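Numbering (the working numbering), first residue to last: 6 to 97.
C-beta atoms are modelled at their ideal positions from N, C-alpha and C, and glycine is treated no differently.
None of these values were measured; they are calculated from a predicted model.
The structure appears right after this line, and notes come after that.
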Ligand code: SF4
């Protein structure tokens, strides 16, 4: 039993959370920045990849990854909130 646990322990040590994923990439064009997560699917709008119209998930990645800045995330979220507020005002 302890042998099995130690084998599992060795495997777990080699598992790393993949941090440089599409969700954290500036080229991940999510349509829902308020709720985007690893399972979100969005178009990749990298200038070199856009032509392929790639639909990627937040968990995907590639070597063209470029980290999105917190300020950019906040801007996207603010824009979506404004759009949602405008849509609600129209319904009133
Ligand atoms: S496929 Fe590459 S460039 Fe496109 S969003 Fe994912 S990491 Fe970024």
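query: For residue 47, the first and last residue of its enclosing beta strand (DSSP E); result: 46 to 49
query: Proximity test, residue 56 beta-carbon vs the ligand SF4 heavy atom, cut-off 7 Å; result: no
query: For residue 31 and residue 71, believed in contact at Cβ under 8 Å, the rounded distance; result: 5 Å
query: For residue 28, three-class secondary structure by DSSP; result: helix
query: Alpha carbon of residue 44 to alpha carbon of residue 34, nearest angstrom; result: 14 Å
query: CB contact flag (residue 28, residue 63, <8 Å); result: yes
query: Whole-number beta carbon distance between residue 69 and residue 51, since they are thought to touch under 8 Å; result: 5 Å
query: Selected residue, minimal CA-CA separation from residue 42, among 95, 86, 76 and 65; result: 65
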